[in-house]
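Mapping to our numbering: the sequence shown position 5 is 24, numbers consecutive.
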Amino acid sequence: MAGILARMPQAGAELLQPAFEEGVGLGTDSGIEKLLLLSLIFVAVVFWVIMITQGQRRIPIQSAKHVRGRRVHGGQRQSLPLRVNQAGVMPIIFARVC
């Protein structure tokens with residue numbers, strides 16, 4: 020992950036280089052539109068990864084009722100929170116390595 024972040028300033032400069040050489044205007048192949056589009060995609064992917072990593076699936080659990088004498092105990096409804104992505108950020112790290 021550090022390699023990706025370390026190369027971002029250089030990649031941004033390469034995208035903006037045509038804008039500095041040709042000038043910014045409508046219809047020109049400036050890197051500003053590309054940079055804005057890539058920034059939007061980057062933010063969307065980061066948001067999606069955070070949502071999947073922190074997402075939970077709640078499984079409803081109903082405990083049995085216990086009768087002791089004349090009293091009834093238990094019978095509560097609870098939920099078991101299971102994570103959507105059990106591995107956390109490990110798939111992201113391994114995807115970068117491969």
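Glycine included, C-beta positions come from ideal geometry on N, C-alpha and C. Remember, it's a predicted structure, so these values are computed and weren't measured experimentally.
Cβ-Cβ distance between residue i and residue j below 9 Å
i	j	result
Leu55	Arg77	no
Leu101	Gln73	no
Arg90	Pro79	no
Proximity to residue i [Cα-Cα], best of the options
i	options	result
Gly107	Gln29, Met70, Gly94	Met70
Lys53	Gln36, His85, Met109, Ala114	Gln36
Residue i versus residue j - alpha carbon distance
i	j	result
Arg62	Val68	For clarity, residue 62 is Val in the given sequence; the question names Arg instead. Using only the alpha carbons, I get a separation of about 10 Å.
Gly31	Asn104	32 Å
Ile51	Ser82	59 Å
Met27	Val64	15 Å
His92	Ala25	59 Å
Phe66	Leu34	23 Å
Ile60	Gln29	18 Å
Ala114	Lys84	48 Å
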